[in-house]
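Chemist: Residue numbers (this note's numbering): 5 to 537. Glycine included, C-beta positions come from ideal geometry on N, C-alpha and C.
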Amino acid sequence: MLYYSNLKHVILHAPPFWGHNKGLITLAVFVVKARPTTVVTLLTSKALYKRSVEELQFKLNREDRDIIQAQINIVDVTGPTPDILSVQFARVYEALYNEPEHGVMCMSSRKILFNLPRPTVAVIDPYAGYAYESIRNTSQGRVPIISWLSAPTAFLLHHIGPAKLGGHASHQYESAEGRREIKTLLSSPANQIDAAGVVTDSSHASLLSGFNYSTNMTRIMVPGAPPMFVHELMPQIRTSAPGKLITIGGVYLREGNGVIIASNSVYEGKTVEAVKKWFSAMNKDSYALAPLTLPLPCNERRDLSEAEKEVLLFLDRIQDTFGSRSLVYISFGTFAYPPQAEKLHSLIESLITHDIPFLFSHPSPQATDGGDLQKIIGKSGIGLATAWCPQEDVLQHDVTGWFITHGGWNSIQESLQYRVPLILWPISADQPLNSAQLVLIHKAAFELIEVRSGEQGTGPMLRFLGGPYIPTFSMTAVKREFEELIKKLNGQEGQTIRMNFERLCDKMQESWQEGGDSSADFAQFIKKYIDCL
5 MLYYSNLKHV ILHAPPFWGH NKGLITLAVF VVKARPTTVV TLLTSKALYK RSVEELQFKL
65 NREDRDIIQA QINIVDVTGP TPDILSVQFA RVYEALYNEP EHGVMCMSSR KILFNLPRPT
125 VAVIDPYAGY AYESIRNTSQ GRVPIISWLS APTAFLLHHI GPAKLGGHAS HQYESAEGRR
185 EIKTLLSSPA NQIDAAGVVT DSSHASLLSG FNYSTNMTRI MVPGAPPMFV HELMPQIRTS
245 APGKLITIGG VYLREGNGVI IASNSVYEGK TVEAVKKWFS AMNKDSYALA PLTLPLPCNE
305 RRDLSEAEKE VLLFLDRIQD TFGSRSLVYI SFGTFAYPPQ AEKLHSLIES LITHDIPFLF
365 SHPSPQATDG GDLQKIIGKS GIGLATAWCP QEDVLQHDVT GWFITHGGWN SIQESLQYRV
425 PLILWPISAD QPLNSAQLVL IHKAAFELIE VRSGEQGTGP MLRFLGGPYI PTFSMTAVKR
485 EFEELIKKLN GQEGQTIRMN FERLCDKMQE SWQEGGDSSA DFAQFIKKYI DCL
């Protein structure tokens, strides 16, 4: 049993998506390092508990581990029933606030945490609207809630920001009365949103969905955003839409006392500035903190699974045979995957033809085309396919020269941490905007264009209007694009992209140095919500 004295207590929570939770663990470490007398508790689900604990354990130096881990609690509130996360969150939060002496149990470790101090501030993902309601109902407004935006601001501002900033949220989001109406509509069975993101009652569709991706040549109007049409945000065949989740985020973002943005002015200066002005006009605080990553400790060994050992042995062999920066790492994250298998097969064939070693990680449940592809990779002698690999170990390894990725923000931040330049193959969500930001604004990455699919994905692209290049999205064009990419990687353009990317890496890290934007914003957050509460 663990006991705590009367300390400041920060509550963290996000829905059970790894991309929304990983940065919160980094934030927890930063808070405890800045104020060692602070307790931080991440309330999560069984689905993410083990991964969250490992993220904390693996990223701490041996000398920091015991001290920091003693102040950070990771609590599984659901056990084997993740479908009632909202109910279990409310139960645990009420116990933490009203009856800390009775303790709360982690449903995975079975540890009981007694006498935790009452929560003093909560950092909550606005997509977890149930957490806002539980905290406000239990604490009666005495615990400030800071909204947590786990991705760059342009995507979120476009979908849930006000019209004056290029957002698609209706005017009803801007008043408490309007938000109450939206909450009522969200909870009504008559207004359920189906798997395609369509509201069953069409009279409420525009209010609850707030956006569409039709190919009507409408430009994204968010300040500082790269030149794109709205339909470019859906670069692949559409299988689902965020509908209801985006609506929830738009409502609760406005109901917090402030916001922490997992971005900074280095990455998207004008967009971050616009968000800060918007929140200032609402008399709310805003803090831009990025990158939110913890590097792997140097020269420290940890227990590896057999699959992880196989990956690292493969990397060492390729390093010995081909040298540093010779390998291309391919991964589309935990859930994303290219919808057209033949285009991925063509990429693999091009790498094999040119004798370029590669590692292909395919954890997504959508990766159902693996049989023939794995045989081809296995026979190549220069490739390895695996359902899981330790991504940061791969990026840290000297052999890794390029990273073909969907462009999720966690993967981008990890690449910035380990200085591995990117080749972007966006699938959905914030990935198309992330890709365009790196390619068009920073000139620091390559983006694959011909691999796009679906009505929106194969629509006109603003960057190519009036130019000599017109994408056709055919397999012939895909193969040609891969061939041209390989030439670029080995030529002057590849060197320029790598140099620009490394310059961006330096600037992002400098943001955390004394006088940097992220450092200054973090100090302000600590002063107001830790020191002064």
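Terminal residues of the continuous alpha helix (DSSP H) containing L351?
Modeler: Start and end: A345 to T357.
Chemist: Is F283 buried or exposed, if buried means 16 or more other CB atoms sit within 10 Å of its CB?
Modeler: Buried, by the Cβ-count rule.
Chemist: Within the same chain, show all residues whose beta-carbon is closer than 6 Å to that of S415, passing over the 5 residues directly before and after it, in chain order.
Modeler: Excluding residues within five positions, the ones whose Cβ falls inside 6 Å are T409.
Chemist: For K187, which residues in the same chain have their Cβ closer than 7 Å to its Cβ, ignoring the five residues on either side in sequence?
Modeler: V255.
Chemist: Is it right to say C393 is buried, meaning 16 or more other beta carbons lie within 10 angstroms of its own, or is it exposed?
Modeler: By the neighbour-count rule (16 or more Cβ atoms within 10 Å), C393 is buried.
Chemist: In whole angstroms, what separates the C-alpha of F364 from that of V57?
Modeler: Distance between the alpha carbons of F364 and V57 is about 26 Å.
Chemist: I'd like the span of the beta strand (DSSP E) that includes S77, first residue to last.
Modeler: One detail in the question is off: residue 77 reads as Asn in this sequence, not Ser. From DSSP, the beta strand (DSSP E) with N77 extends over I76 to D80.
Chemist: Nearest-angstrom Cα distance between I501 and F450?
Modeler: Taking the straight line joining both Cα atoms gives about 8 Å.
Chemist: Taking DSSP as the reference, what is the three-state secondary structure of D307?
Modeler: Reduced to three states, the DSSP call for D307 is coil.
Chemist: What's the C-alpha gap between W429 and R146?
Modeler: If I take the Cα positions, the gap works out to 45 Å.
Chemist: Mapping the DSSP letters down to three states, classify R55 as helix, strand or coil.
Modeler: Three-state result, R55: helix.
Chemist: Apart from the five residues on each side of it in sequence, which residues of its chain come closer than 6 Å, Cβ to Cβ, to H24?
Modeler: Cβ within range, chain order: A18, D129 and S154.
Chemist: Output the residue ranges of the alpha helix (DSSP H) runs that lie fully inside the stretch 402 to 465 and measure 4 residues or longer, sorted by chain position.
Modeler: Within the stretch 402 to 465, the complete alpha helix (DSSP H) runs of at least 4 residues are 413 to 422, 435 to 440 and 458 to 461.
Chemist: Can you give the Cα-Cα distance for G385 and I356, rounded to whole angstroms?
Modeler: So the two alpha carbons sit approximately 9 Å from each other.
Chemist: Is it buried or exposed for V202, if we count other Cβ within 10 angstroms and need 16 for buried?
Modeler: For V202, the pLDDT reaches just 40, beneath the cut-off of 50, and the residue's location in the model is therefore unreliable, although a value from the coordinates is still provided. Looking at its Cβ environment, which holds fewer than 16 other Cβ atoms inside 10 Å, V202 is exposed.
Chemist: Which residue comes first and which comes last in the beta strand (DSSP E) that contains K12?
Modeler: K12 -> beta strand (DSSP E) spans K12 to H17.
Chemist: If you follow the alpha helix (DSSP H) that A524 is in, where does it begin and where does it stop?
Modeler: Residues D521 to I530.
Chemist: Grab the span of the alpha helix (DSSP H) containing D510 for me, first residue to last.
Modeler: It spans Q496 to E514 - the alpha helix (DSSP H) in which D510 sits, taken as one unbroken run.
Chemist: Could you pull the DSSP bridge partners for V108 from this structure?
Modeler: Bridge partners of V108: L117.
Chemist: Please report the Cβ distance between K288 and N268, rounded to the nearest whole angstrom; I am assuming they are in contact, meaning their Cβ atoms lie under 8 Å.
Modeler: Not really, about 18 Å apart at Cβ, beyond 8 Å.
Chemist: Do L257 and I164 have their beta-carbon atoms positioned less than 8 Å apart in this structure?
Modeler: Contact flag set, yes.
Chemist: Shorter than 8 Å from the beta carbon of E59 to some beta carbon of chain B?
Modeler: Reference to chain B is not applicable here, since this structure consists of a single protein chain.
Chemist: Apart from the five residues on each side of it in sequence, which residues of its chain come closer than 7 Å, Cβ to Cβ, to Y53?
Modeler: Result list for Y53: I78, D80 and S112, in chain order.
Chemist: For S350 and Q435, I'd like the C-alpha separation in whole angstroms.
Modeler: Going from the Cα of S350 to the Cα of Q435 covers about 22 Å.
Chemist: Closest to E487 by C-alpha separation, out of Q92, E454 and E514, would be which residue?
Modeler: It is E454.
Chemist: Are the Cβ atoms of H366 and A340 separated by less than 8 Å?
Modeler: No, these two residues do not count as a Cβ contact at 8 Å.
Chemist: How far does the alpha helix (DSSP H) with T188 in it reach, from first residue to last?
Modeler: It spans A180 to S191 - the alpha helix (DSSP H) in which T188 sits, taken as one unbroken run.
Chemist: Just grab the DSSP bridge partners of R223 for me.
Modeler: F233.
Chemist: Which residue from P231, V270 and P166 puts its Cα closest to that of W516?
Modeler: Nearest of P231, V270 and P166 to W516, Cα basis: V270.
Chemist: For K531, count the other beta carbons within 10 Å of its own beta carbon; 16 or more makes it buried, fewer makes it exposed. Which is it?
Modeler: Flag for K531 reads exposed.
Chemist: By DSSP's criteria, Y97 is part of a beta bridge. Which residues make up the other side?
Modeler: None; Y97 has no bridge partner.
Chemist: So what's A155 in DSSP terms, helix, strand or just coil?
Modeler: Coil, per DSSP.
Chemist: So T82 and Q73 are in contact, right, with Cβ under 8 Å, and what is the actual spacing, rounded?
Modeler: Their Cβ separation, rounded to whole angstroms, is 22 Å, which puts T82 and Q73 out of contact at 8 Å.
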